Amino acid sequence: MKNHHFVTVGVWDRKVPTNPLHLPMALAELGHKVLMIESSLWDKGLTLQPWKWNRLEMSMKHKNLCLLTIRPPLPRKLSWLNNWFNKHASKLAHKAMKQLGFPDDYFAILFAPSEERLLKWLPGIPFIYRPIDDYAAMPGNADTKEYTISIDEKLARSAEAVFPSNPALFRAKKYLNKHVLLMPNAVNFTHFNAAFSAYPDVLNDLPQPIIGFAGALDRYKFDFKLLSSIATLRPDWSFVLIGDVGICDSTSESEIPRLPNIHYIGFRSYEDLPRYIRAFDVGLIPYVHNAYTEGVFPLKLYEYMAVGVPVVSTDLPFLESVGDAVLVANDPDGFVKCIEQALSEDKSIEVHNRIELARNNSWAERAKGLVNYLEKVEAENGKK
């Protein structure tokens, strides 16, 4: 495996790292050079700071990963300067790559149609496309649905290779490009498998068992009605919800079911999250069935498993790539039966199996798979 160079766009300081951060970081840890460009075309401010326009703001986040922050973004009232901004971003990107010693043959990594702007900054660059959602079905995209679909298909057709995260996305993309590889989301295994001496105090006094969920609490994904029904059927179980409410839609905390055995404890930091998940007896993925969730692959799946926690989920396409490692149900009675089955399992065997499955589905393994496949594509195209 040779060392490759990649350019991508992203936001570094997220409260919870997402796919566009995990994969570039895993590539960097394997020895590949990555330039991540952080920018926004818009700012809430109304003044320009021209003395910053040509400043190269670079910071090394890893010995192989450099973050280029392009400032200042432009005020909304100057949106007609898009073309100027693209030229400005292109100039800074090329300057950064020169300073980092990038060769002529490098790849861009795009995770969403909105990231097509990177191709305007680096025209002609070969790129790989990593669709991680059905973007047209996302909340808030109704007005731009057709446009989003057209850009998504354009990127899939033009990419050197496509790495969809979900079987449903794979089926849609395999007709658009001959180099398509299913690459499910993965886990930062070392982070989640770390040993902890004690559970968080907020969970210590809850009645056992603890049935938990960690993630965004948005009604377009999370089935609050299903949770309420399960909690009603088993009032002696403790249900713990961890996460922000209304990340991508207008869900409010008032929509979380208010039952004595449902405990909403709010957001917990990514650094602390493994400690909380370790306290779960069962991890839930109670997602609704809709066009959007048909295309998801929840990061929490292998995060639960890395801690050894059994998982019960609604039946969605992402489970096709997991086999029988997850218990599946679609109604309250089915969920209760699956949770009871998980609680009665032989933990000495099943915990080990889940941890090993998570270990084999780490971001490091995904990064290796991506590079190996990319090298096969290069060989097929006559490139060394």
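Numbering (the numbering used here), first residue to last: 2 to 385. Glycine included, each C-beta is placed from N, C-alpha and C at the ideal position. These numbers were taken from a predicted model, which means no experiment stands behind them.
- Using a Cβ-Cβ distance cut-off of 8 angstroms, the segment 267-275 and the segment 224-236 are not in contact, since fewer than three pairs of beta carbons, one from each stretch, lie closer than that value.
- In the three-state reduction of the DSSP assignment, Ala232 falls in the helix class.
- Residues of the same chain with a CB within less than 6 angstroms of the CB of Met306, apart from the 5 flanking positions on each side, are Arg355, Leu358 and Ala359 in chain order.
- Remark: C-beta atoms of Val308 and Ile278 approach each other more closely than 8 angstroms.
- Inter-residue distance for Val313 and Ser91 is about 46 angstroms (C-alpha atoms, whole angstroms).
- As computed with DSSP, Lys34 is found in a beta bridge with His6.
- The straight-line gap separating the alpha-carbon atoms of Glu321 and Asn186 is approximately 13 angstroms.
- His33 sits close to His5, with the two beta carbons spaced by under 8 angstroms.
- The beta carbons of His180 and Val17 sit no closer together than 8 angstroms.
- Phe240 is bridged by DSSP to Ile212 and Ile263.
- In the three-state scheme derived from DSSP, where H, G and I count as helix and E and B as strand, Lys62 is classed as strand.
- Inclusion of Asn167 and Gly296 in the CB contact set at 8 angstroms is warranted, their separation being smaller than that value.
- By the Cβ neighbour-count rule, Met98 is buried, with 16 or more other Cβ atoms within 10 Å of its own.
- One Cα belongs to Glu30, the other to Asn65, and the distance between them is close to 7 angstroms.
- Bridge pairing for Val203: absent [DSSP].
- Contact between the segment 193-207 and the segment 249-261 is absent: fewer than three C-beta pairs spanning the two stretches fall below 8 angstroms.
- For Ala280, no alpha helix (DSSP H) run applies, since DSSP gives it neither H nor E.
- Given a length threshold of 4 residues, each whole run of the alpha helix (DSSP H) inside the segment 63-148 is given here in chain order: 83-101 and 118-122.
- If you check the CB distance, Ile110 and Ile71 do not come in under 8 angstroms.
- In this structure, the alpha-carbon of Lys155 lies about 18 angstroms from that of Val10.
- Leu320 carries a helical assignment under DSSP once its states are collapsed to helix, strand and coil.
- Across the set His95, Asp135, Ser159 and Val188, the C-alpha of Val188 shows the shortest separation from the C-alpha of Glu304.
- The Cβ-Cβ distance between Ala137 and Thr149 falls below 8 angstroms.
- For Arg158 and Gly284, the gap between their C-alpha atoms comes out near 38 angstroms.
- Closest in C-alpha terms to Ala365, from the list Lys88, Met184, Ile243 and Asp106, comes Met184.
- Counting C-beta atoms within 10 angstroms of its own C-beta, Arg131 has 16 or more neighbours from the protein chains shown and is therefore classed as buried.
- The secondary-structure analysis by DSSP pairs Val289 with nothing; it has no beta-bridge partner.
- For the 8 angstroms CB-CB criterion, Ser239 and Val246 do not form a contact.
- Out of Ser251, Pro311 and Ala292, the CA that lies nearest to the CA of Leu328 is found in Pro311.
- Leaving aside the five residues that flank Leu93 on each side, the residues in its chain whose CB is nearer than 7 angstroms to its CB run, in chain order, Leu57, Leu69 and Ile71.
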